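J.:
Number of protein chains: 2
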Amino acid sequence: MTAEIEGTPAGSRLQDLAELVADTPRIVIDRRILQANIVRMANRAASAGVALRPHTKTHKMPQVARMAAEAGAVGVQVAKLGEAEVMADAGFDGILVAYPIVGDAKLARLAALARRTRITVSLDSATAAEGISRAMVAHGTSCRLLVEVDTGLHRIGVQPSEALALARTIDRLPAVELAGVLTHEGHIYTAAGDVAEMERMTQDACRVVLEIAARMRADGLAAPVVSVGSSGTARFGMAVPGITEVRPGTYVFNDLTQVQLGAACESDIAACVVATVVSRPAADWAVIDAGTKTLSSDQRIVRTSERSFGRLAAWPDTWIVRASEEHGVLGLAPDSPLKIGDRVAILPNHICSAVNLHDEVLVAEDGRIVDRWPVAARGRLQ
Amino acid sequence: MTAEIEGTPAGSRLQDLAELVADTPRIVIDRRILQANIVRMANRAASAGVALRPHTKTHKMPQVARMAAEAGAVGVQVAKLGEAEVMADAGFDGILVAYPIVGDAKLARLAALARRTRITVSLDSATAAEGISRAMVAHGTSCRLLVEVDTGLHRIGVQPSEALALARTIDRLPAVELAGVLTHEGHIYTAAGDVAEMERMTQDACRVVLEIAARMRADGLAAPVVSVGSSGTARFGMAVPGITEVRPGTYVFNDLTQVQLGAACESDIAACVVATVVSRPAADWAVIDAGTKTLSSDQRIVRTSERSFGRLAAWPDTWIVRASEEHGVLGLAPDSPLKIGDRVAILPNHICSAVNLHDEVLVAEDGRIVDRWPVAARGRLQ
Numbered sequence: 264m265t266a267e268i269e270g271t272p273a274g275s276r277l278q279d280l281a282e283l284v285a286d287t288p289r290i291v292i293d294r295r296i297l298q299a300n301i302v303r304m305a306n307r308a309a310s311a312g313v314a315l316r317p318h319t320k321t322h323k324m325p326q327v328a329r330m331a332a333e334a335g336a337v338g339v340q341v342a343k344l345g346e347a348e349v350m351a352d353a354g355f356d357g358i359l360v361a362y363p364i365v366g367d368a369k370l371a372r373l374a375a376l377a378r379r380t381r382i383t384v385s386l387d388s389a390t391a392a393e394g395i396s397r398a399m400v401a402h403g404t405s406c407r408l409l410v411e412v413d414t415g416l417h418r419i420g421v422q423p424s425e426a427l428a429l430a431r432t433i434d435r436l437p438a439v440e441l442a443g444v445l446t447h448e449g450h451i452y453t454a455a456g457d458v459a460e461m462e463r464m465t466q467d468a469c470r471v472v473l474e475i476a477a478r479m480r481a482d483g484l485a486a487p488v489v490s491v492g493s494s495g496t497a498r499f500g501m502a503v504p505g506i507t508e509v510r511p512g513t514y515v516f517n518d519l520t521q522v523q524l525g526a527a528c529e530s531d532i533a534a535c536v537v538a539t540v541v542s543r544p545a546a547d548w549a550v551i552d553a554g555t556k557t558l559s560s561d562q563r564i565v566r567t568s569e570r571s572f573g574r575l576a577a578w579p580d581t582w583i584v585r586a587s588e589e590h591g592v593l594g595l596a597p598d599s600p601l602k603i604g605d606r607v608a609i610l611p612n613h614i615c616s617a618v619n620l621h622d623e624v625l626v627a628e629d630g631r632i633v634d635r636w637p638v639a640a641r642g643r644l645q
Numbered sequence: 264m265t266a267e268i269e270g271t272p273a274g275s276r277l278q279d280l281a282e283l284v285a286d287t288p289r290i291v292i293d294r295r296i297l298q299a300n301i302v303r304m305a306n307r308a309a310s311a312g313v314a315l316r317p318h319t320k321t322h323k324m325p326q327v328a329r330m331a332a333e334a335g336a337v338g339v340q341v342a343k344l345g346e347a348e349v350m351a352d353a354g355f356d357g358i359l360v361a362y363p364i365v366g367d368a369k370l371a372r373l374a375a376l377a378r379r380t381r382i383t384v385s386l387d388s389a390t391a392a393e394g395i396s397r398a399m400v401a402h403g404t405s406c407r408l409l410v411e412v413d414t415g416l417h418r419i420g421v422q423p424s425e426a427l428a429l430a431r432t433i434d435r436l437p438a439v440e441l442a443g444v445l446t447h448e449g450h451i452y453t454a455a456g457d458v459a460e461m462e463r464m465t466q467d468a469c470r471v472v473l474e475i476a477a478r479m480r481a482d483g484l485a486a487p488v489v490s491v492g493s494s495g496t497a498r499f500g501m502a503v504p505g506i507t508e509v510r511p512g513t514y515v516f517n518d519l520t521q522v523q524l525g526a527a528c529e530s531d532i533a534a535c536v537v538a539t540v541v542s543r544p545a546a547d548w549a550v551i552d553a554g555t556k557t558l559s560s561d562q563r564i565v566r567t568s569e570r571s572f573g574r575l576a577a578w579p580d581t582w583i584v585r586a587s588e589e590h591g592v593l594g595l596a597p598d599s600p601l602k603i604g605d606r607v608a609i610l611p612n613h614i615c616s617a618v619n620l621h622d623e624v625l626v627a628e629d630g631r632i633v634d635r636w637p638v639a640a641r642g643r644l645q
């Protein structure tokens with residue numbers, strides 16, 4: 264079910280939410296669209312015969328993770344141990360910590376987690392693998408490890424030529440089980456707007472990890488998991504034979520970046536920031552009470568000559584053209600009717616960074632606020 | 264007292280803090296440098312005969328505001344009501360809410376604040392002034408109002424030609440007292456690197472507000488306060504005869520932006536983000552566990568061809584050249600000795616945005632962690 268099916272354009276649907284909020288700035292979630300996004304991705308993954316492991320970094324809320332699990336997700340992915348701890352506390356079993364865990368303090372926390380839930384960690388070095396193995400032995404527990412491969416993002420990940428050697432190292436370590444190979448093909452975002460190129464790049468990334476998995480298996484190593492990521496590319500990755508798991512995150516809410524990527528329509532945006540016009544000092548701009556401490560400074564991925572920090576939902580030509588910490592400056596046509604006191608719904612560039620700035624979100628359904636969810640895993644230690 | 268006086272270069276001083284932290288990423292404050300920054304600005308203001316009203320948005324911590332008050336600050340400035348409430352709870356009297364307060368929910372909170380502490384609000388419209396006046400009458404209290412003037416930033420602020428009319432409107436309203444004129448000359452940051460031009464622009468901004476104050480007084484209106492802002496320009500503004508108040512914020516901690524502005528030396532940086540190297544997958548980059556959810560996405564104000572999200576304190580050539588939410592990518596020379604597990608101290612581009620992402624900071628002195636301060640006003644409603 265999408266907004267189109269209901270016959271409501273996204274702009275006025277989100278703008279309607281703006282009037283429900285007692286004070287601003289606040290993030291409001293349209294629960295119906297959230298549910299539709301979650302079900303659509305789960306159905307796609309099920310049709311493709313691929314496991315869906317959503318990334319919780321977007322929302323950091325057990326409520327959203329639970330909705331995804333009820334729709335068929337196999338487990339959760341987290342970006343940091345603090346998020347894993349919150350999800351484990353909320354009863355989630357089968358957590359992928361997609362981050363190399365390094366250092367004694369974190370290793371002790373990881374081992375404590377592994378004693379109470381099934382943990383998998385992705386990493387790209389023997390150093391990290393050996394540290395985890397030692398911690399698991401010391402605490403009498405175990406976990407699974409995935410070899411993270413750099414397929415072009417040049418962030419975390421061994422180069423493909425070194426993946427087999429790391430897999431062999433992991434296979435020899437005690438208290439850890441080699442589970443396969445993982446990549447995050449985030450470099451595909453550089454091709455935003457060119458769907459064919461994005462698909463080709465995703466297929467290339469999939470081919471790299473599939474070849475590594477094949478070499479691992481030929482070498483007698485276990486590689487049940489071949490996992491690729493990102494909301495922008497999940498639709499391409501799940502169509503590649505041999506891929507066993509996709510890990511999108513942003514798809515639950517969507518944002519202007521996902522729209523730019525062609526991974527969502529504006530009608531699929533489930534979260535907006537509601538703000539109030541606090542100043543209209545000149546004909547061609549107004550100021551709202553949402554700046555970079557509310558929206559983040561994240562820019563649009565396809566850069567234009569103008570910077571922008573988000574767009575009004577109901578006024579497609581009205582952008583936040585400048586922002587400081589608590590001020591967003593709307594570029595306006597001189598005849599814009601916006602005036603002091605008006606409420607506006609903003610489509611954020613990057614909802615993951617925006618949610619991380621808020622301690623709770625409001626949840627709307629059927630024209631009223633029905634719940635408030637704490638952003639439980641916000642502000643947790645890495 | 265500055266780091267130079269102690270004979271300790273900033274880089275190794277902050278890098279030494281990195282080893283004191285049990286886990287990363289964390290913000291660590293060097294209390295000695297914080298105290299030196301606070302005392303230096305207070306002494307400058309006292310010498311100039313100008314009131315110092317530091318902006319709490321940088322730190323959001325009553326502990327830091329109290330240090331500034333003990334050094335001679337006349338009160339605090341806040342960017343939002345939630346910060347004012349935290350500072351009032353901590354016992355601060357004389358709070359400048361430098362934001363037009365609009366909407367019933369906020370007006371009720373403002374009136375409640377005005378009943379327990381002396382409140383001044385700066386604003387740029389009759390609409391906002393009338394709303395505040397009505398709320399003060401309804402709650403049987405009062406506050407002071409400042410006319411905010413746009414001296415070039417083009418954010419909040421009436422145009423200079425309209426300032427006198429707004430002052431007259433305020434003067435006629437019940438339960439509010441006209442207190443003068445205010446500007447935030449943040450547009451001066453565009454001249455970063457050209458100290459003479461920054462000084463000239465600051466003097467121009469001061470001239471505009473001084474002329475308005477003179478016209479107000481000639482018209483029989485009260486204008487005891489002529490207030491200008493910003494850490495980058497405080498040293499210029501306080502030297503202009505007739506300016507009664509300066510409102511710097513970032514100077515307590517400083518950051519790479521303040522260094523670029525020439526308002527601080529690196530040895531004056533009192534806050535760093537401590538991170539751990541978690542991956543060294545190639546010769547020319549490493550990954551640390553501090554990304555945009557730890558440092559913010561705020562860029563350097565003087566843009567280079569390369570983006571950057573901060574710099575290592577002890578390695579002046581090593582920048583965070585890319586960042587995603589939980590990853591910072593360090594551009595390295597191939598012979599860099601940095602390896603997995605190493606701790607690094609990062610100089611942030613913009614400390615105000617970084618602090619806002621953390622629930623608490625660690626405080627170091629004499630080679631050990633001596634305190635932890637909650638970022639008490641973080642996450643509060645506007």
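Chains as they are written, first to last, in this note's numbering: chain L, 264 to 645; chain B, 264 to 645.
C-beta atoms are modelled at their ideal positions from N, C-alpha and C, and glycine is treated no differently.
Since this is a predicted model, take the numbers as computed values, not measurements.
Roughly how many angstroms lie between the CA atoms of L/LEU283 and L/GLY630, to the nearest whole one?
T.: If I take the Cα positions, the gap works out to 8 Å.
J.: Give the straight-line distance between the Cα atoms of L/ILE358 and L/GLY500, rounded to the nearest whole angstrom.
T.: Whole-angstrom Cα-Cα distance: 21 Å.
J.: For the alpha helix (DSSP H) holding B/ALA534, just list the boundary residues, first then last.
T.: No alpha helix (DSSP H) holds B/ALA534; the beta strand (DSSP E) holding it covers 534-545.
J.: Cα separation between B/SER493 and B/ALA281?
T.: Approximately 29 Å between the Cα atoms of the pair.
J.: Taking all protein chains shown into account, decide if L/MET264 is buried (16 or more other Cβ within 10 angstroms of its Cβ) or exposed.
T.: Because the pLDDT at L/MET264 is just 33, under 50, the model does not fix this residue reliably, and the value given afterwards should be weighed accordingly. Exposed, by the Cβ-count rule.
J.: Which residues in chain B have a C-beta closer than 9 Å to the C-beta of L/CYS615? List them in chain order.
T.: Under the 9 Å cutoff, chain B gives LYS556, GLU588.
J.: So, is L/ARG635 buried or exposed, given that buried needs 16 or more other C-beta atoms within 10 angstroms?
T.: Counting Cβ neighbours within 10 Å, L/ARG635 comes out exposed, since fewer than 16 surround it.
J.: Could you tell me the alpha carbon to alpha carbon distance between B/LEU484 and B/ALA430, rounded to whole angstroms?
T.: Between B/LEU484 and B/ALA430, the C-alpha separation is close to 8 Å.
J.: Excluding five sequence neighbours on each side, which residues of the same chain lie with their C-beta closer than 8 Å to the C-beta of L/GLN466?
T.: Closer than 8 Å at the Cβ level, and outside the excluded window around L/GLN466, lie PHE499, VAL503.
J.: By Cβ distance below 8 Å, which residues in the same chain neighbour B/GLY604 in space, the five residues on each side in sequence not counted?
T.: THR539, VAL540.
J.: Let me know if L/GLY354 comes out buried or exposed under the rule of 16 or more other beta-carbons within 10 Å of its beta-carbon.
T.: When all chains shown are included, L/GLY354 counts as exposed.
J.: Counting only beta-carbon atoms, is L/LEU408 nearer than 8 Å to chain B?
T.: No, its Cβ sits nowhere closer than 8 Å to a Cβ of chain B.
J.: If you check the beta carbons only, do B/ILE419 and L/VAL421 fall under 8 Å apart?
T.: No, they are not a contact pair.
J.: If I follow the unbroken alpha helix (DSSP H) through B/ALA549, where does it start and stop?
T.: Segment 548-551 is the beta strand (DSSP E) holding B/ALA549; no alpha helix (DSSP H) there.
J.: Do B/ILE292 and B/ALA608 have their beta-carbon atoms positioned less than 8 Å apart in this structure?
T.: The answer is no: Cβ separation not under 8 Å.
J.: For B/ASP434 and L/VAL633, I'd like the C-alpha separation in whole angstroms.
T.: Roughly 44 Å between the two C-alpha positions.
J.: In chain B, which residues lie less than 8 Å from L/LYS320 when you measure between Cβ atoms?
T.: By Cβ distance, chain B contributes GLU588, GLU589.
J.: Counting only the same chain and skipping the five closest in sequence on each side, list residues whose C-beta sits under 8 Å from that of L/LEU370.
T.: Cβ neighbours of L/LEU370 beyond the five flanking positions: ILE364, GLY394, ILE395, ARG397, ALA398.
J.: For L/SER385 and B/ALA347, what's the separation of their Cα atoms in angstroms?
T.: Going by the C-alpha atoms only, they are around 44 Å apart.
J.: Under a Cβ-count criterion, where at least 16 other Cβ atoms within 10 Å of its own Cβ denotes burial, should L/ALA336 be classed as buried or exposed?
T.: Counting Cβ neighbours within 10 Å, L/ALA336 comes out buried, since at least 16 surround it.
J.: Could you spell out the range, first to last residue, of the alpha helix (DSSP H) harbouring B/ARG407?
T.: Unbroken run through B/ARG407 is the beta strand (DSSP E), 406-411; no alpha helix (DSSP H).
J.: Would B/TYR362 pass as an interface residue toward chain L - the criterion being a Cβ-Cβ separation below 8 Å?
T.: Yes, B/TYR362 counts as interfacial toward chain L.
J.: Could you work out which residue in B/GLN278, B/GLU623, B/ALA389 is closest to B/MET324 when comparing CA atoms only?
T.: For the residues B/GLN278, B/GLU623, B/ALA389, the minimum Cα distance to B/MET324 belongs to B/GLU623.
J.: Would you mind sorting L/GLU333 into buried or exposed? The rule is 16 or more other CB atoms within 10 Å of its CB.
T.: The residue is exposed, with fewer than 16 neighbouring Cβ atoms inside 10 Å.
J.: From B/ALA401, B/ALA486, B/THR380, B/GLY449, pick the residue whose C-alpha is nearest to that of B/LEU427; which is it?
T.: Looking at the Cα atoms, B/ALA486 is the closest of the given residues.
J.: Within 8 Å (strictly less), CB to CB, does B/THR496 reach chain L?
T.: Chain L, which has no Cβ nearer than 8 Å to the Cβ of B/THR496, makes this no.
J.: For a contact defined as C-beta to C-beta under 9 Å, what are the partners of L/LYS323 on chain B?
T.: Near L/LYS323 there are no residues of chain B at all, since even the closest Cβ is about 10 Å away, more than 9 Å.
J.: Between the segment 283-306 of chain B and chain L, which residues of the former have a C-beta closer than 7 Å to a C-beta of the latter?
T.: Those residues of the segment 283-306 of chain B that come within reach of chain L (Cβ to Cβ, closer than 7 Å) are ALA285, ASP286, THR287, PRO288.
J.: What is the DSSP secondary structure of L/ALA481, counted as helix, strand or coil?
T.: In this structure, L/ALA481 counts as helix in the three-state DSSP scheme.
J.: Would you say L/ARG418 reaches chain C, if we count a Cβ-Cβ gap shorter than 8 Å as a contact?
T.: Looking for chain C here will not work: the only protein chains present are L and B.
J.: Can the beta-carbon of L/VAL537 be found less than 8 Å from the beta-carbon of L/CYS528?
T.: No, Cβ-Cβ distance for L/VAL537 and L/CYS528 is not below 8 Å.
J.: Roughly how far, in whole angstroms, is the beta-carbon of L/VAL509 from the beta-carbon of L/VAL313, given that I think they are within contact range, below 8 Å?
T.: That pair is a contact at about 6 Å.
J.: Can a CB atom of chain B be found closer than 8 Å to the CB of L/GLN645?
T.: Yes, because at least one Cβ of chain B sits closer than 8 Å to the Cβ of L/GLN645.
J.: Step through the CB atoms of chain L and report whether any lies within less than 8 Å of the CB of B/VAL365.
T.: Judged by the 8 Å Cβ criterion, B/VAL365 is in contact with chain L.
J.: Counting C-beta neighbours from all protein chains within 10 Å, is the total for L/GLU411 16 or more, i.e. buried, or is it exposed?
T.: Classification for L/GLU411: buried.
J.: What are the boundary residues of the beta strand (DSSP E) that L/VAL341 is part of?
T.: Here the beta strand (DSSP E) through L/VAL341 covers 339-341.
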